[in-house]
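Structure first, then comments.
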Amino acid sequence: MNEEKKIEFTQKWIGDAVKKLLQKEDIYESDMERIRYMRIGDCNFGGLYTIELSTAAPPDPFYTTDGGDEWDPDGETAVTGRFIRLYIDYAKKAPWDYIKSGTGERFFQLPPYTYTVWKEFEEQYEEAKEEEYDEEDWDNSADEWEAFEKTILCQTYREKFDDDDAYKEWQRRTDRGIQQDIGLFTGLEVLRLFSAEYQDMTFLRAMPLLRVLEVVESRFASLEGIDDLARLKQLCCWFD
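Numbered as in my numbering, the sequence shown ends at 463 without a single skipped number.
In structure tokens, the structure reads:
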């Protein structure tokens, strides 16, 4: 019988949050399968990293009241399936370029769900919404989120530096560590990524149950793995 693998996190603050959520010191692969929701990144866009975790089942369809109108039931995130495939093709052809002024590094950003995208696929969007949108599914969405929110563990992490270069290097290492560690969360149904840099999207392949992805102010060095978005039920991309 093979011994179950013990999980080692590159980011101590992520590991500490998992241990607190599961109330155990040693974390194994089967433990990670219990975690079904995660929100992670610089959620306040000011260098304060946040991680939210829950072992409870997130609302389906997913909806939250902790932001603006990006999760409005009458909005774009109610459209699923076929339209996400169209969006992937659009993003491949027209990803938003982001050039870091200090280093010249080139990153890609997923185009936000804006008027430009909807105008490109207006007819297909309306057809998909008519076929897939069920108003009854959203009737109690706010109440469901508020009940689910009570199950969420929230932790924050930040280090202070007198030197800007040292701070930027720490931030770069932290972003890369996040990408390595989120691939350990194999049971996720909902993943919300906030303001960080990632090498690619291949970490999605480690999450067979993932049905909802939110991408906010995040950049990718490569679009490798973008086709894995096609299996999602909901996809939300926006900038602050």
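Each residue gets a CB set at the ideal place from its N, CA and C atoms; glycine is no exception.
Note that the structure is a prediction, hence the values are computed from the model and not measured.
Is E440 near F417, with beta carbons less than 8 Å apart?
For the pair E440 and F417, the CB atoms are nearer than the 8 Å cut-off.
Ends of the beta strand (DSSP E) at Q457?
Start and end: 457 to 461.
L333 (DSSP reduced to helix, strand or coil):
L333: coil per DSSP, three-state reduction.
From this set, R308, Y310, A453, which residue's C-alpha is nearest L433's C-alpha?
Measuring from the Cα of L433, the nearest candidate turns out to be A453.
Buried or exposed: which applies to E227, given that a residue is buried once 16 or more other Cβ atoms fall within 10 Å of its Cβ?
That one is exposed.
Apart from the five residues just before and just after D404, which ones in its own chain have a Cβ nearer than 7 Å to its Cβ?
So the list reads F232, T233, Q234, I237, once near-sequence residues are dropped.
Measure the alpha-carbon distance for A301 versus P284 and round it to whole angstroms.
Low confidence applies to A301: its pLDDT is 49, below 50, so where it sits in the model is not reliable enough to give any reading.
With three or more C-beta pairs closer than 8 Å as the rule, is the region 386 to 400 touching the region 423 to 438?
These segments do not touch.
Tell me the DSSP secondary structure of I401 in three-state form.
Helix.
To the nearest angstrom, how far is it from the Cα of L276 to the Cα of L414?
Across the structure, L276 and L414 are spaced so that their CA atoms are roughly 10 Å apart.
When DSSP labels each residue in this structure, what does F371 get in the three-state scheme?
Helix at F371.
Tell me the rounded alpha-carbon separation between E437 and C459.
Approximately 5 Å between the Cα atoms of the pair.
Please report how far the alpha carbon of T273 lies from the alpha carbon of E412, in whole angstroms.
Distance between the alpha carbons of T273 and E412: 19 Å.
In the DSSP assignment, what residue or residues form a beta bridge with I263?
DSSP lists I274, L416 as partners of I263.
Reducing DSSP to helix, strand and coil, say where L376 ends up.
The DSSP-derived three-state label of L376 is strand.
CB of L271 within 8 Å of CB of R257, strictly:
In this structure, L271 keeps its C-beta atom at 8 Å or more from the C-beta atom of R257.
Relative to the alpha-carbon of E447, which residue among P281, A279, F330 has its alpha-carbon at the smallest distance?
Of the candidates P281, A279, F330, F330 places its Cα closest to the Cα of E447.
Beta-carbon within less than 8 Å of E369's beta-carbon, same chain only, minus the 5 sequence neighbours each way: which residues are those?
Cβ neighbours of E369 beyond the five flanking positions: T288.
DSSP beta-bridge partners of F426
By DSSP's assignment, F426 forms no beta bridge with any residue.
Closest to E345 by CA distance: which of K373, S364, D239, L309 is it?
Selected option, being the one with the closest Cα: L309.
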